[in-house]
Each structure stands twice: as C-alpha cells, then as structure tokens.
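Participant: According to the numbering used here, the sequence shown is numbered sequentially starting from 1.
Glycine residues also receive a C-beta, built at the ideal position from the N, C-alpha and C atoms.
Please read these numbers as outputs of a predicted model, since none were measured by experiment.
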Amino acid sequence: MNAIQQTLRDSSWARWTALLLISITMFFAYFFVDVAAPLQTMLEKSYGWSPVTFGMLGGSEFFLNVFAGFLILSGIILDKKGIRFTLITAGLTMVIGAAIKFFALTDAFAASGLATFLNSFIPSLPASAKLAFFGFAIFGVGVEMAGITVSKTIVKWFKGKEMALAMGLEMAIARLGVFAVFSLSPIYAEQGGPSNAVFMGMAFLCIGFITFFIYTFMDSALERQTGVSDITTG
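1. On the criterion of 16 or more Cβ atoms from any shown chain inside 10 Å, does R175 qualify as buried, or is it exposed?
2. For L64, which option in F199, A108, F139 and W16 has the closest C-alpha, if you only look at C-alpha atoms?
3. What number of angstroms, rounded off, separates the C-alpha of S229 from the C-alpha of F217?
4. What separation, rounded to the nearest whole angstrom, lies between the Cα atoms of K45 and A104?
5. Our contact map puts F27 next to G177 with C-beta atoms below 8 Å; I'd like the distance itself, whole angstroms only.
6. Judging by CA-CA distance, which residue of K156, F70 and F121 is the nearest neighbour of G142?
7. Taking contact to mean 3 or more Cβ pairs, one atom from each stretch, closer than 8 Å, check whether the stretch 144 to 159 and the stretch 114 to 128 are in contact.
8. For the alpha helix (DSSP H) holding N119, just list the boundary residues, first then last.
9. What is the DSSP secondary structure of E61, reduced to helix, strand or coil?
10. Let's see if you can read the secondary structure: which residues bound the alpha helix (DSSP H) around P194?
11. Counting only the same chain and skipping the five closest in sequence on each side, list residues whose C-beta sits under 6 Å from that of P38.
12. Counting C-beta neighbours from all protein chains within 10 Å, is the total for K264 16 or more, i.e. buried, or is it exposed?
Quick look at the structure:
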C-alpha cells in the first residue's frame, strides 16, 4: 500500500503560519484605512480642509470599486491569474495609493506645478484633498482586492471546522489595525503632522507587502505538492 503523501496543508504550523502572514498584511491595510480618522482637526487647520472635504476622503476609498467596477475586475483577476499574482498586485497597489496620499500632504507637493494645476478647478476642494482622494481610491482598489484574495487563500489552506475559525481570526487581527490607529496615529501626527502619520501607515504597508511576498513561496510550494492550481482555465 502506498503511503499517504503529506503536504504543507497537513501541517498545522504551516497552515497557521500562512494565516499569520496574510493577516499581518490585512492588519496594516486596515490601519491605513483609518489612519486619518483621528486627525480631522489637524487636517482642517494645516491644509484648509472643511468637514465636508474630510468626509469625502473616507468615501474616496470606495469610488473606483463601486463606480468603475474594480472590485469585479479584482475577482476576475483572481480567477484568471491566481492567488500569488493577485496578492502581489494588491499589495503593490496599496503601497502606490498610500504613497500618493502621503505625497498629497507634503510641502513638496504644495510647492509643485501639480498642486497649481489641481487648484485650477473645483476651487472649493484644496489640491491636497484632490490628490489624497485619488491616492486613497487607488489604495481602496488594492485593499478590496486583497480582501477577496485572502478569503480564497484561507479556503485553500483550511478545511472543515478550522475554516471558520481561521476566517474569524484573520478578520479579528485585521480589525485590530483599526483599534491601533486611534492610539498610534495621533502620536505620529504630533511628531510631524498628519503627513507623518500617513507616512508611517505607508511604511507599515511596505512591511505588509513583504509578508504577502513571503507567503507566495508557501503557496507555490503547496501547489507543487498537490499538483492543483487555483487558476481558472475554463
């Protein structure tokens, strides 16, 4: 009788390590989602934002996903290109969006020709807000893409009664990022203004990109062992 071949998925430490890697990224992603939430007063004072402008910042995260269909496109990419490609794409998109949002709050942007151009239309919205909206919308595409990919990743590694537990733990770890931001973001802002808080959020996302990247090696190893790909070919 042939021995049953064991895979990484059969190892508890490998399963939970894979979960930890993707959960860390989502922790940092949710941190960045709300990184500006405690900073409304600072943004209004330092950048001339109105309460309405600040409220629009939160909504900009969902703009491309809802009105341009990027969330649906993310699902198509996941089916056609697989988990590894989509995780890397999502991580890179989040970092790029975060970098744009950070740049929008810097003195370098305020003195640039881009700021002058953005101020030439819709004068009720400061140029910093317009660029921050754009960056946050790009980030929003990445974070939602990451969310659906993480769900598929958990299904790939966990079966039976562990699957719901793994999903719950991943979401709990991710939501801790929201809790952390209200403690840490004001501290970072006090040390260098709102742009510093956004910069730290961007730095955390870079770490999250690395953990996504590390996970892809585990994913690749599992596929080699099982001979089963998550890419849809039909």
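Facilitator: Reading it off the structure:
1. Its Cβ having fewer than 16 others within 10 Å, R175 is exposed.
2. Comparing Cα positions, the closest option is F139.
3. CA-to-CA, the gap between S229 and F217 works out to about 14 Å.
4. Rounded to whole angstroms, the gap between the alpha carbons of K45 and A104 is 16 Å.
5. About 4 Å separates the beta carbons of F27 and G177, which is inside the 8 Å limit, making them a contact pair.
6. The residue with the shortest Cα to Cα distance from G142 is F70.
7. Not touching, per the Cβ criterion.
8. Per DSSP, N119 belongs to no alpha helix (DSSP H) and is neither H nor E.
9. It is coil, neither helix nor strand.
10. For P194, the uninterrupted alpha helix (DSSP H) run begins and ends at P194 to T226, by DSSP.
11. Counting only Cβ-Cβ distances below 6 Å, and skipping sequence neighbours, we find F182, S185 and P186.
12. Because the chain is modelled from 1 through 234, residue 264 falls outside the range shown and cannot be assessed.
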